[in-house]
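What follows is one structure encoded as structure tokens, with my remarks underneath.
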Ligand SMILES: *Cc1c(COP(=O)(O)O)cnc(C)c1O
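In this note's numbering, the protein residues as written are 359 to 757.
Below is the structure:
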């Protein structure tokens, strides 16, 4: 079958909820993807921040293959070693105390919301169910995670959603205070807003929110599904803010391509929230997925990945800053580490499409006007130079 026939078959059988680009990716090697004709693409999207170690990593594949041949699933009714090891590695890397494995980021958010409600219920009884979320945020597409996602047009067709959600302005502490009531049980935010346009939290803002949560005994939920796992230069972005959340969500790069997420809580939260019977999942944390998680954390250590991210980030930032200087239609660079965005006054969707189809460069958009770059963490200066050449050829078409 040729590409046209495959795409026709896809459109016949798949529910049309994505406007996919007309590209069929077949395999990957390092930071490159290859289509069905073996044509090579430079990947600065990493499957939306998932493929931190790039494609075809042998250490990763060996760990998964070994696990695949032993056991892929047992259920959460029993213990198995990969989950035990993965949980220990997450708590060690994050400073959180307890882990619950999920299958996705959205499910991690669901668990975080249930944890906050149960914590308030345990401490104060029913009724304290309100959650303060941030405008411009993204937390997922399930009903609960959508309820705290700050984009009205994503939510509106699905009302009524979870009740008791109020939206505050990100990085505006006064607006958080204005939404606070006696019924508030949690404040949820991304440490660095991803889909909303690459906005890092201000240190002062997040520290004030932390203090408020302590004073009122409400939970701070930090969603690091996108900005976690080394992307900003620390294993979790909050570790650069001198604070710790009560609940942390992590996914995307957690399994380097294997679908897995987790929410993590402190001992204080664990002691007054979910207990047996309150929560569960069939697949969540199965042996195959948690073997991937354990291997990912091992590779962070073995390859000294955080050192690499911190070493390469200035070169990436300088390269992007030169583009901001050179092109009038780029008004700013925003982000942290290898999570960067260029704010454009030209149509970002056109830039993303031209980059992919004409330059074989895979990039993303965020919000209405941001070109979003989430390269695999293993990129080199040479890859960044190649990115610059390709994106400049795209930009030149808009001059
Ligand atoms: C992607 C994302 C989610 C949702 O994760 P899924 O695995 O797609 O359910 C939640 N929060 C943030 C910050 C994300 O970037």
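Don't be surprised by glycine CBs; every beta carbon is placed ideally from N, CA and C.
Fair warning: this is a prediction, and the values are worked out from it, not measured in the lab.
Check, Outcome
"Got a sec, what are the start and stop residues for the alpha helix (DSSP H) residue 646 sits in?", "645-660"
"Could you give the distance in angstroms between the alpha-carbon of residue 452 and the alpha-carbon of residue 466?", "15 Å"
"Kindly examine ligand 1 and report whether one of its heavy atoms sits closer than 7 Å to the Cβ of residue 468.", "no"
"Need the endpoints of the alpha helix (DSSP H) that residue 619 sits in, please.", "Note, residue 619: premise wrong, no alpha helix (DSSP H); beta strand (DSSP E) at 619-623."
"Counting only runs of 3+ residues fully inside the region 545-628, write out the beta strand (DSSP E) ranges in chain order.", "577-581, 605-608 and 619-623"
"Output yes or no for whether 8 Å exceeds the beta carbon distance between residue 410 and residue 614.", "yes"
"If I measure Cβ to Cβ from residue 683 and keep anything under 7 Å in the same chain, skipping five residues before and after, which residues do I get?", "none"
"Rounded to whole angstroms, what is the Cα-Cα separation between residue 412 and residue 670?", "16 Å"
"With three or more C-beta pairs closer than 8 Å as the rule, is the region 638-646 touching the region 425-437?", "yes"
"Quick one: what does DSSP say residue 693 is sitting in, helix, strand or coil?", "strand"
"Going by other Cβ atoms of all chains shown within 10 Å of its Cβ, with 16 needed for buried, is residue 435 buried or exposed?", "exposed"
"Go ahead and label residue 517 buried or exposed: buried means 16 or more other beta carbons lie within 10 angstroms of its beta carbon, across all protein chains shown.", "exposed"
"With hydrogens ignored, establish whether the beta-carbon of residue 505 is closer than 7 Å to any heavy atom of ligand 1.", "no"
"Which residues share a DSSP beta bridge with residue 390?", "387 and 400"
"I need the straight-line Cα distance from residue 415 to residue 383, nearest angstrom please.", "17 Å"
"Measuring alpha carbon to alpha carbon, tell me which of 577, 743, 612 and 677 ends up nearest residue 327.", "Outside the displayed range of the chain (359 to 757) lies residue 327, so it cannot be described from this structure."
"DSSP three-state call for residue 750: helix, strand or coil?", "helix"
"Around the C-beta of residue 510, are 16 or more other C-beta atoms found within 10 angstroms, so that it is buried, or is it exposed?", "exposed"
"Assuming residue 525 and residue 493 make a contact with CB atoms under 8 Å, what is their CB distance in whole Å?", "5 Å"
"Closer than 7 Å: is that where the CB of residue 698 sits relative to any heavy atom of ligand 1?", "no"
"Helix, strand or coil: which one does DSSP assign to residue 678?", "helix"
"How about residue 630 and residue 547: are their beta carbons less than 8 Å apart?", "no"
"Start and end of the beta strand (DSSP E) containing residue 496?", "It is not in any beta strand (DSSP E) - residue 496 carries neither H nor E in the DSSP assignment."
"Does the region 676-696 come into contact with the region 552-559, if we say contact requires no fewer than three beta-carbon pairs (one atom in each stretch) closer than 8 Å?", "yes"
"When burial is assigned at 16 or more other CB atoms within 10 Å of the CB, is residue 535 buried or exposed?", "exposed"
"State buried or exposed for residue 724, treating a residue as buried only when at least 16 other CB atoms are found within 10 Å of its CB.", "buried"
"At a cut-off of 7 Å, is residue 462 close to ligand 1 when judged by its beta-carbon and the heavy atoms of the ligand?", "yes"
"Taking C-beta to C-beta, are residue 632 and residue 748 nearer than 8 Å?", "no"
"Does DSSP classify residue 467 as helix, strand or coil?", "helix"
"Between the C-alpha atoms of residue 527 and residue 507, what's the straight-line distance to the nearest angstrom?", "13 Å"
"Residue 359: buried (16+ other C-beta within 10 angstroms of its C-beta) or exposed?", "exposed"
"Taking buried to mean at least 16 other C-beta atoms within 10 Å of its own C-beta, is residue 568 buried or exposed?", "buried"
"Less than 8 Å between the beta carbons of residue 491 and residue 621, yes or no?", "no"
"Does the beta-carbon of residue 379 have 16 or more other beta-carbons within 10 angstroms, so that it is buried, or is it exposed?", "exposed"
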